[in-house]
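Visitor:
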Amino acid sequence: MSPKPPSASLPAHTRTAWAFVLPFFLVLSIFVLGPTLAVIGLSVSDWKLGETTITFVGLENYEELFGDRIFWNSARNTAVYTLMVVPVSVALGVWLAVLVEASRLGRTFFRSAIFLPVVSTTVAMAVVWEFLLHPTLGPVNTLIGYAGVPPQRFLSDAKIVLVTLAAIGVWETAGYVMVLVLAGLKSIPSDLYDAAAVDGAHRPWERFWTVTWPLLGPTMVFVTIIAMLRAIRVFETVAALTQGGPRRASEVVLFTIYQEGITYFRIGYASALTVVFLLVLLVLTAVQFRVLDRRAHYG
Amino acid sequence: MRTGALLRLAVLTAFAGVFLFPFIYMLAFSIKPVDEIFSGSLSLVPGSWGGLRNFPDALRAEPLLRYLLNGVIVCAGILIFQLLFAVPCAYALAKLRFRGREVLFGIVIFGLLVPMQATALPIYLGLALSGLADTYTALIAPFTASVFAVFLFRQFFRTIPEDLLDAARLDGCSEASVMLRIVLPMTMPAATAFAIFSVVSHWNDLFWPIIAIRSPELNTPPLGILAFRSADAGDRYGELMAGTVIITAPLIIAFLMAQRRFIEGISLGALKG
Numbered sequence: 093m094s095p096k097p098p099s100a101s102l103p104a105h106t107r108t109a110w111a112f113v114l115p116f117f118l119v120l121s122i123f124v125l126g127p128t129l130a131v132i133g134l135s136v137s138d139w140k141l142g143e144t145t146i147t148f149v150g151l152e153n154y155e156e157l158f159g160d161r162i163f164w165n166s167a168r169n170t171a172v173y174t175l176m177v178v179p180v181s182v183a184l185g186v187w188l189a190v191l192v193e194a195s196r197l198g199r200t201f202f203r204s205a206i207f208l209p210v211v212s213t214t215v216a217m218a219v220v221w222e223f224l225l226h227p228t229l230g231p232v233n234t235l236i237g238y239a240g241v242p243p244q245r246f247l248s249d250a251k252i253v254l255v256t257l258a259a260i261g262v263w264e265t266a267g268y269v270m271v272l273v274l275a276g277l278k279s280i281p282s283d284l285y286d287a288a289a290v291d292g293a294h295r296p297w298e299r300f301w302t303v304t305w306p307l308l309g310p311t312m313v314f315v316t317i318i319a320m321l322r323a324i325r326v327f328e329t330v331a332a333l334t335q336g337g338p339r340r341a342s343e344v345v346l347f348t349i350y351q352e353g354i355t356y357f358r359i360g361y362a363s364a365l366t367v368v369f370l371l372v373l374l375v376l377t378a379v380q381f382r383v384l385d386r387r388a389h390y391g
Numbered sequence: 119m120r121t122g123a124l125l126r127l128a129v130l131t132a133f134a135g136v137f138l139f140p141f142i143y144m145l146a147f148s149i150k151p152v153d154e155i156f157s158g159s160l161s162l163v164p165g166s167w168g169g170l171r172n173f174p175d176a177l178r179a180e181p182l183l184r185y186l187l188n189g190v191i192v193c194a195g196i197l198i199f200q201l202l203f204a205v206p207c208a209y210a211l212a213k214l215r216f217r218g219r220e221v222l223f224g225i226v227i228f229g230l231l232v233p234m235q236a237t238a239l240p241i242y243l244g245l246a247l248s249g250l251a252d253t254y255t256a257l258i259a260p261f262t263a264s265v266f267a268v269f270l271f272r273q274f275f276r277t278i279p280e281d282l283l284d285a286a287r288l289d290g291c292s293e294a295s296v297m298l299r300i301v302l303p304m305t306m307p308a309a310t311a312f313a314i315f316s317v318v319s320h321w322n323d324l325f326w327p328i329i330a331i332r333s334p335e336l337n338t339p340p341l342g343i344l345a346f347r348s349a350d351a352g353d354r355y356g357e358l359m360a361g362t363v364i365i366t367a368p369l370i371i372a373f374l375m376a377q378r379r380f381i382e383g384i385s386l387g388a389l390k391g
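These protein sequences, in sequence, are chains A and B.
Note that the working numbering has the first sequence beginning at 93, numbered continuously upward.
Note that the working numbering has the second sequence beginning at 119, numbered continuously upward.
Structure, rendered in structure tokens:
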């Protein structure tokens, strides 16, 4: 990262420059840098809201966290949710992008229909889903009834509640993946497809595997990370539909942070959880980027 | 080949149906009378038009317009301050030479890695201690320093040729007026995309408002719909669906009117993760 030096004729307007950057960095310190340090500090303290004293307790909060079944349960639920949402929405998004790109008729309509869940207010749509999935009156149960499937308690059966939330997650993410992949597809030169056809790749899936997929590599890295970071931060549907229930079967990490920190005011515990969550996000981003990047280049 | 195209069309139509399914039923139920909703029928067309009063009933039951107005105030407030702080900063980082510039840009990159969810707890405590929790300020202020905006505008400003700026400087323009008169107008496409990204994410956000707000009159649209649902006690689905139509309509209509720009703006947000 070496930015081009500004032209030599420019005098060093140091004062102007600082006047330009200072307001931003001031606000940044208050609302991003300070709080980031504060959350680390709080995670090694026993501070409670309203108290004037603060005691350093070392890693006690972390010990409590890692010995806590609630934490492991939320971590597991978040991982399971992510492992369901990411592969399905990435695969579906890529497939839909290829179909939409190839389709001459109604391209704009299909793209918008599939993208609509991304722009819609998640909480409002969650309320709609709640009704669609209603155990007795919901259209979804009526529909699966035609196929001979008995009615399901989609949001209150501990065995399927995470799958239900993941399905809604896919519904919200696939359109996003599709749009990002569509942008990636545009950058593939069309004469490569002609060349592939000359080489004997006639069927659509042959062209996909010989041209599209290898050239889409960098886009796929990017899209997978985005889908993953979104899935790991699932909160809205859980807060609106299940509150983590039944019996914590759908409690995810962000919901635990919210409950422990804001509802129960266990500041130290919630801060430790936040720090762990942040570290996981950072590590996953770094690791996944490296792994996928290598595959994109040599695969 | 023709069967291939037909098959593709069929598959896409089926998927469009699945993705639009909740929207279609939201609209259908919003104009159905309660007894029809509870009949469990899949019909999309109401048997009688009595359900149309769901809309005035919903507006009477819950101050939905107030929630929409809160959404507008919060999103506009956030966007205005984001641009106010980020544009000059990005301009200086892209086009002015001064000591510490690389360090500051490093801080911006670090900031990109820290999500709101990580800083929410200390910010909430700080606001609570300073008596600012449960105010518009609490909803707006935490988002006013957007590292993403700085990052984005800096990238964009760097593509503007230096000669253009030097010419204006030779004419005696100050840096501020070079930025405002020459650079900013060229930035409109990037600024529009960023504005859409910012408004969509903050309009739809639940995590921060649910932490920061207790007073019903400050409810943002997502909090408003939750309040409506819990007040609804489960037997007035028609009104509730009419309410969700009212709450989701502004963004959906805006999206349908400017699809390309929305898709641009929201895919831009992907850079941030």
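Heads up, the beta-carbon is just placed ideally off N, CA and C, and yes, glycines get one too.
(1) Given a cut-off of 8 Å, decide if L302/B and V205/B are closer than it, judged by their beta-carbon atoms.
(2) Where are the alpha helix (DSSP H) runs, 4 residues long or more, that stay fully inside the region 194–259 of chain B, in chain order?
(3) Terminal residues of the continuous alpha helix (DSSP H) containing I318/A?
(4) Return the CA-CA distance between L229/A and L145/B, expressed in angstroms with no decimal places.
(5) Helix, strand or coil, according to DSSP, for S181/A in the structure here?
(6) Using a C-beta to C-beta distance shorter than 7 Å, which residues of chain A count as neighbours of I343/B?
(7) Taking the Cβ atom as the reference point for each residue, do A134/B and A205/A lie within a distance shorter than 8 Å?
(8) Mind reading off the beta-carbon distance from V253/A to P338/A? Whole number of angstroms is fine, and I expect it under 8 Å.
(9) Which two residues bound the contiguous alpha helix (DSSP H) that contains A266/A?
(10) Counting only beta-carbon separations shorter than 8 Å, does G267/A have a partner in chain B?
(11) If I'm right that G195/B touches I258/B with Cβ under 8 Å, what's the distance once you round it to whole angstroms?
(12) From the beta carbon of G427/A, is the nearest beta carbon of chain B less than 8 Å away?
(13) Classify S137/A as helix, strand or coil using the three-state DSSP reduction.
(14) Answer with buried or exposed for F315/B, where buried requires no fewer than 16 other C-beta atoms within 10 angstroms of its C-beta.
(15) For L186/B, tell me which candidate among P368/B, L386/B, G383/B and A376/B has the shortest Cα-Cα distance.
(16) Out of curiosity, what's the CA-to-CA distance linking A167/A and E357/B?
(17) With a threshold of 8 Å between beta carbons, is S101/A in contact with chain B?
(18) When you compare only the Cα positions, how much space is there between A275/A and F202/A?
(19) Would you kindly work out how many angstroms separate the C-alpha atoms of I191/B and P339/B, rounded to a whole number?
(20) Using a Cβ distance threshold of 8 Å, determine whether the region 360–374 of chain A contacts the region 135–145 of chain A, with at least three qualifying pairs required.
(21) Return the bridge partner residues of F148/A from the DSSP annotation.
(22) Chain B beta carbons: is any one of them nearer than 8 Å to that of S363/A?
(23) Going by CA-CA distance only, name the one from I146/A, W164/A and S181/A that's closest to I318/A.
(24) Pop quiz: L230/B and F266/B are said to be a contact at Cβ under 8 Å. What is the actual Cβ separation, rounded to whole angstroms?
(25) Excluding the 5 residues preceding and the 5 following T305/B in the sequence, name in chain order all residues of the same chain whose CB lies nearer than 7 Å to its CB.
(26) Would you check if the distance between the CB atom of A323/A and the CB atom of G261/A is smaller than 8 Å?
(27) Let me confirm a value: G383/B is counted as buried when at least 16 other C-beta atoms fall within 10 Å, else exposed. Which label applies?
(28) State the DSSP-derived secondary structure class of I349/A, mapped to helix, strand or coil.
(29) Counting only C-beta atoms, is G350/A closer than 8 Å to chain B at any point?
(30) Compute the Euclidean distance between the alpha carbons of S385/B and L374/A, then round it to the nearest angstrom.
(31) Determine the chain B residues that contact A205/A at a beta-carbon separation under 7 Å, and present them in chain order.
(32) On the three-state DSSP scale, how would you describe Q244/A?
(33) Let me check understanding here. Comparing Cα to Cα, which of I359/A, L235/A, T355/A and L371/A lies closest to S159/B?
(34) Residues of chain A with CB closer than 7 Å to the CB of V221/B, please, in chain order.
(35) Would F327/A pass as a contact of L324/B if the rule is Cβ separation under 8 Å?
(36) Are there three or more Cβ pairs, one per stretch, closer than 8 Å when the region 215–228 of chain A is compared with the region 143–157 of chain B?
Guide: Reading it off the structure:
(1) Taking C-beta atoms as the reference points, V205/B and L302/B count as a pair closer than 8 Å.
(2) DSSP runs (the alpha helix (DSSP H)) wholly in the region 194–259 of chain B: 219–231, 234–247 and 254–258.
(3) According to the DSSP assignment, I318/A belongs to the alpha helix (DSSP H) that extends over G309 to I324.
(4) Approximately 17 Å between the Cα atoms of the pair.
(5) Of the three classes helix, strand and coil, the one that applies to S181/A here is helix, per DSSP.
(6) Contact note: I343/B reaches chain A through V215, A216 and V219, using a C-beta cutoff of 7 Å and chain order.
(7) In this structure, A134/B sits near A205/A, with a CB-CB distance shorter than 8 Å.
(8) Sure, about 7 Å apart at Cβ, within 8 Å.
(9) Boundaries of the alpha helix (DSSP H) around A266/A: V253 to K278.
(10) Cβ-Cβ to chain B under 8 Å: yes for G267/A.
(11) About 4 Å separates the two Cβ atoms, so the contact holds.
(12) Residue numbering for chain A in the displayed model covers 93 to 391; residue 427/A lies beyond these limits and cannot be assessed.
(13) Under the three-state reduction of DSSP output, S137/A falls in the strand class.
(14) A residue is called buried once 16 or more other Cβ atoms fall within 10 Å of its Cβ, and F315/B is buried on that count.
(15) When only C-alpha atoms are compared, the closest one is P368/B.
(16) Note on geometry: alpha-carbon atoms of A167/A and E357/B lie some 37 Å from one another.
(17) Unreliable positioning characterises S101/A in this predicted model, as indicated by a pLDDT of 43, which lies under 50. The coordinate reading is nonetheless provided below. Closer than 8 Å to the CB of S101/A there is at least one CB belonging to chain B.
(18) The straight-line gap from Cα to Cα measures roughly 15 Å.
(19) Using only the alpha carbons, I get a separation of about 11 Å.
(20) At 8 Å Cβ cutoff, the stretches touch.
(21) F148/A is bridged to S137/A.
(22) Yes, because at least one Cβ of chain B sits closer than 8 Å to the Cβ of S363/A.
(23) When each option's Cα is compared against that of I318/A, the closest is S181/A.
(24) Between the beta-carbon of L230/B and that of F266/B there is about 6 Å, and that keeps the pair under the 8 Å contact cut.
(25) Closer than 7 Å at Cβ, skipping near neighbours: F271 and F274.
(26) Taking 8 Å as the Cβ cut-off, A323/A and G261/A qualify as a contacting pair.
(27) Per the 10 Å Cβ criterion, buried.
(28) DSSP places I349/A in the helix class (H, G or I) of the three-state scheme.
(29) Note on identity: in this sequence residue 350/A is Tyr, with Gly being the wrong assignment. Chain B contact via Cβ: present.
(30) Each residue's alpha carbon lies about 21 Å from the other.
(31) Within chain B, the residues near A205/A are A134, F137 and L138.
(32) Secondary structure at Q244/A: coil, using DSSP grouped into helix, strand and coil.
(33) For the residues I359/A, L235/A, T355/A and L371/A, the minimum Cα distance to S159/B belongs to L235/A.
(34) Within chain A, no residue comes near V221/B; the closest Cβ sits about 10 Å away, beyond 7 Å.
(35) Against a cut-off of 8 Å, the Cβ pair of L324/B and F327/A comes out as a contact.
(36) Segment contact: the region 215–228 of chain A against the region 143–157 of chain B, three or more CB-CB distances shorter than 8 Å; contact assigned.
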